[in-house]
Amino acid sequence: MLRQLEYFVALAREQHFARAAAACYVSQPALSEAIRKLEAELGVPLVRRGHSFQGLTAEGKKVLPWARRMLLDHEALRQEVEGLQEALSGRLRLGVVPAVSSTVVELTVPFAASHRRVSIQVQTSLHSSHIIEQVRGFELDAGIIYAAPEDAQDLVVLPLYTEDHVLITGPGMLTEAAVPGWRQALDLPLCLLDSRMRGRQVLDAALERHGMSASPRIETDSVLSLLSHVATGQWASIVPRQWLAPLGPLPGIRMTALSEPELSPQISLVLNASEPMPLMSRALLRTAREVYS
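Using the working numbering, the first residue of the sequence shown is number 18, and each one after it goes up by one.
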């Protein structure tokens with residue numbers, strides 16, 4: 018049944034019989050037949066079929082999280098047994114919000130150094146809510162998010178660090194003597210994160226509490242795009258200080274501390290709270306505690 022569940026999960030992910038078969042390295046007829054056998058064994062239809070894949074049935078949607086969980090448990094059991102004899106192996110699936118796309122190296126680099134047989138897949142374009150959903154649904158092993166208590170109920174949550182926002186400007190935008198406050202910074206031509214992103218929403222909410230608001234002329238969902246605009250010398254931005262350290266020297270970009278209002282959003286690691294926790298998740302949690310202790 019495990020192979021049939023694997024094919025079913027692949028089909029739900031790919032939404033296409035041929036792509037699912039290719040992902041599982043089998044022929045399309047073999048994948049289709051395996052899913053039909055799974056449906057016969059469970060006694061319910063799982064897939065809506067026409068000339069092509071039409072989606073999952075209501076029963077299929079109910080079975081999907083159980084299928085993912087059973088495959089994860091099987092992989093966790095394999096890791097546990099192998100861990101008794103040799104180094105941890107497999108793949109770590111990690112989802113992070115865009116604001117963590119540079120700082121994630123502080124966790125992935127030491128984890129990779131300690132577990133050389135583990136490959137790491139990092140997705141950096143997900144919203145916190147999507148990461149939480151995929152961690153709960155066993156599509157991701159862990160996530161790094163802006164975590165509020167109401168967001169992460171029923172998950173294991175480990176606070177990693179608190180963001181500290183600074184003003185960044187390009188060459189010539191500020192005189193050496195200029196030390197702007199928040200209001201002066203907000204009057205500069207700004208390039209900020211897209212307003213739909215959690216990092217931007219944290220900034221906007223804090224400013225609103227103090228009777229201020231940001232009106233950027235450029236918004237982007239890319240940290241690299243944001244820094245590139247600042248580097249031209251024509252745009253300023255307000256970003257967490259933690260973004261910048263992993264990137265090394267940024268020639269021409271000036272960083273200026275900002276006083277009140279103090280912004281202190283919490284970045285946290287989240288994992289599924291299922292017991293027993295998979296060996297891969299336990300290893301990541303141990304590394305995170307060592308790095309951020």
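Glycine residues also receive a C-beta, built at the ideal position from the N, C-alpha and C atoms.
By the Cβ criterion, the stretch 152 to 165 is in contact with the stretch 290 to 308, since at least three pairs of Cβ atoms, one from each stretch, lie closer than 8 Å.
With a beta-carbon spacing of about 13 Å, L22 and A37 fall beyond the 8 Å limit used to define contacts.
Straight-line measurement puts the Cα of V240 at about 17 Å from the Cα of Q251.
Going by DSSP, S285 is part of the beta strand (DSSP E) stretching over Q283 to N289.
Burial check for P115: the Cβ neighbour count within 10 Å reaches 16 or more, so the residue is buried. Exclusion of the five residues before and after A305 leaves L124, L175, L177 and L286 as the residues of its chain whose Cβ lies within less than 7 Å of its Cβ. Rounded to the nearest whole angstrom, the CA to CA distance from E31 to G77 is 15 Å.
In this structure, the straight-line span from the alpha carbon of E307 to that of H132 is close to 14 Å. With contact defined as three or more Cβ pairs closer than 8 Å, the stretch 202 to 217 and the stretch 232 to 249 are in contact.
Counting along the chain, E58 sits inside the alpha helix (DSSP H) bounded by residues Q45 to L59. Restricted to the stretch 165 to 218, the beta strand (DSSP E) segments that are unbroken, complete and at least 3 residues in length are 172 to 179, 182 to 186 and 208 to 210, listed in chain order. The beta carbon of F34 sits closer than 8 Å to those of L28, Q45, L48, S49, S69 and F70, all from its chain and outside the five residues before and after it, given in chain order.
For R133, there is no enclosing beta strand (DSSP E), as DSSP marks it with neither H nor E. For M297, the enclosing alpha helix (DSSP H) covers residues L296 to Y309. Collapsing the DSSP output to three states places Q151 in a helix.
The C-alpha of V113 lies about 16 Å from the C-alpha of V219. The Cβ atoms of L243 and L210 lie closer than 8 Å to each other. Residue state for Q21 is assigned as helix, using DSSP reduced to three classes.
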